[in-house]
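J.: Structure in structure tokens, see below.
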Amino acid sequence: MKKALIAMSGGVDSSVAALLMKEKGYDCIGITMKLYDSETGQACRSRTCCTLEDVEDARQVASTLSIPYYVLNFKDDFQKKVILPFVETYENGGTPNPCIRCNRFMKHEKLYKKGEELGCDVIVTGHYARIRYDEEKKRYLLLKAKDEKKDQSYVLYFLNQEQLKHSMFPLGEFETKEEVRAIAEKNGFYNADKPDSQDICFVTSGDYGDFLEKFRGKPYPKGHFVDEEGNKLGKHKGIVRYTIGQRKGLGLALKHPMYVAGKDLKKNQVILTTGEGLYSEALEANDFNWISMDAPKEEYAVTVKTRYNAKPVPAFVSVKEDGTVLVRFAAPERAVATGQAVVLYDGELVVGGGTITKAIKRMRSD
Numbered sequence: 596m597k598k599a600l601i602a603m604s605g606g607v608d609s610s611v612a613a614l615l616m617k618e619k620g621y622d623c624i625g626i627t628m629k630l631y632d633s634e635t636g637q638a639c640r641s642r643t644c645c646t647l648e649d650v651e652d653a654r655q656v657a658s659t660l661s662i663p664y665y666v667l668n669f670k671d672d673f674q675k676k677v678i679l680p681f682v683e684t685y686e687n688g689g690t691p692n693p694c695i696r697c698n699r700f701m702k703h704e705k706l707y708k709k710g711e712e713l714g715c716d717v718i719v720t721g722h723y724a725r726i727r728y729d730e731e732k733k734r735y736l737l738l739k740a741k742d743e744k745k746d747q748s749y750v751l752y753f754l755n756q757e758q759l760k761h762s763m764f765p766l767g768e769f770e771t772k773e774e775v776r777a778i779a780e781k782n783g784f785y786n787a788d789k790p791d792s793q794d795i796c797f798v799t800s801g802d803y804g805d806f807l808e809k810f811r812g813k814p815y816p817k818g819h820f821v822d823e824e825g826n827k828l829g830k831h832k833g834i835v836r837y838t839i840g841q842r843k844g845l846g847l848a849l850k851h852p853m854y855v856a857g858k859d860l861k862k863n864q865v866i867l868t869t870g871e872g873l874y875s876e877a878l879e880a881n882d883f884n885w886i887s888m889d890a891p892k893e894e895y896a897v898t899v900k901t902r903y904n905a906k907p908v909p910a911f912v913s914v915k916e917d918g919t920v921l922v923r924f925a926a927p928e929r930a931v932a933t934g935q936a937v938v939l940y941d942g943e944l945v946v947g948g949g950t951i952t953k954a955i956k957r958m959r960s961d
């Protein structure tokens, strides 16, 4: 009998994934990751994914399914691989995506290794995505979920061929989330109606700036908001508190709505625009992972997402001599932020993805 390690968050998705794998005849083991210590002030709030209540919910589902269940301590790794890069990215002027790093370094690295130790054939999560093997290409492919509203392929672009081979996402085939909840209710799962987690689990107050200052043990210096010509518009409360595209929460009385278009770290200034300055014609990315194909030798047409909730837009991708990936948008794209992921699609296929290192406002005309 094949063995499956199930990443159980306590939510309805991972619970139903465990049930489906058991129904497929797998010998299942449920695992919840302990990622931080509430005594250090990093406890979860509601609508996050890692509370003590979540652990008990996962344990109860595992008991209902009569599968072994364990809680593993990955606090040190989570601090190094997720929380510290989150802080450093903000300090360097970027906008981090800790959920991608958590999936990459916790679920599909630490749990992958634990699965090997336990003799498991596959790692299973409650993500909404699909995996297929292409006989012609001799590649494992990552596809969008059938329910595009719930599709989570964006946060899985990093998966390599070995990880795809040993991963399963049972929920990717469902047309709606309601079908998943119905299965949970039918099987008496206590968490059938549990809300989806939305907040970043370790930001306990919901205020990133407060978390960063508490983590570093110091306040970030105040500075000036300026327009694109450098005219001062008012004082900001610390450069890390603002993200590209932000309009609300600036604390300014302005004649026209203005948005965060950039940051000048040397001058400690947040640059605002009335709108046009938000758009980029291209971007550069590194740490790139190609899934459905090798890196293209010529410019290749794709659709791209530069944020999790963004709609895919037409673009052209090419690779520079130094390995940097250049994505040129068919039409200027709004609020491209360094630190976020850019993920390339060909229809429902994930072509690959990487981390945005530069937003290019205007391409050189020569």
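Going by the numbering used here, the first residue of the sequence shown is number 596, and it counts up by one from there. Yeah, the Cβ is synthetic: ideal placement off N, Cα and C, and Gly gets one too.
Taking one C-beta from the stretch 735–744 and one from the stretch 938–945 each time, how about it: are there three or more such pairs within less than 8 Å?
T.: Judged by Cβ distances under 8 Å, the stretch 735–744 makes contact with the stretch 938–945, as three or more pairs qualify.
J.: Of all the options H819, Q756, L754 and A779, which has the alpha carbon lying nearest to the alpha carbon of Q655?
T.: Measuring from the Cα of Q655, the nearest candidate turns out to be A779.
J.: When DSSP builds the beta bridges, which residues end up paired with P909?
T.: P909 pairs with T898.
J.: Which partner residues does G818 have in the DSSP bridge list?
T.: According to DSSP, G818 bridges with H831.
J.: Within a Cβ cutoff of 8 Å, which residues of the same chain sit near N881, ignoring the five residues on either side of it in sequence?
T.: Taken in chain order, the residues that qualify are G918, T919, V920, G949, T950 and T952.
J.: Cutting at 7 Å between CB atoms, please list the residues of its own chain near E808, excluding the five before and the five after it.
T.: Answer for E808: P814 and Y815, listed in chain order.
J.: Alpha carbon to alpha carbon, how far is T684 from K832? Give it in angstroms, no decimals.
T.: Cα to Cα, the separation comes out at about 18 Å.
J.: Are there 16 or more other CB atoms within 10 angstroms of the CB of D652, so buried, or fewer, so exposed?
T.: Looking at its Cβ environment, which holds 16 or more other Cβ atoms inside 10 Å, D652 is buried.
J.: How close, in whole Å, do the beta carbons of H722 and L759 come, if the pair is a contact with beta carbons under 8 Å?
T.: Between L759 and H722 the Cβ distance is about 12 Å, and since that is not below 8 Å, they are no contact.
J.: Report all residues from its chain with a CB closer than 7 Å to the CB of K670; omit the five preceding and five following residues, and keep chain order.
T.: These residues qualify, in order along the chain: K629, L630, Y631 and D632.
J.: How is T933 classed by DSSP in three states: helix, strand or coil?
T.: In this structure, T933 counts as coil in the three-state DSSP scheme.
J.: Which same chain residues end up closer than 8 Å to D746 when comparing Cβ atoms and leaving out the 5 residues on each side of it in sequence?
T.: These residues qualify, in order along the chain: Y723, A724, K739 and A740.
J.: For the beta strand (DSSP E) containing V855, list its first residue and its last residue.
T.: Y854 to D859 is the extent of the beta strand (DSSP E) around V855.
J.: Could you have a look at P680 and say whether DSSP puts it in helix, strand or coil?
T.: Reduced to three states, the DSSP call for P680 is helix.
J.: For A890, which of E916, H703 and R902 has the nearest alpha-carbon?
T.: Per the Cα distances, E916.
J.: DSSP puts E928 in a beta bridge; with which residues?
T.: Bridge partners of E928: S875.
J.: What residue range is occupied by the uninterrupted alpha helix (DSSP H) comprising Y785?
T.: Looking at the DSSP string, Y785 is not in any alpha helix (DSSP H), and its letter there is neither H nor E.
J.: S913 to S658, Cα distance in whole Å?
T.: Distance between the alpha carbons of S913 and S658: 50 Å.
J.: Assign D889 to one of three DSSP states: helix, strand, or coil.
T.: Of the three classes helix, strand and coil, the one that applies to D889 here is coil, per DSSP.
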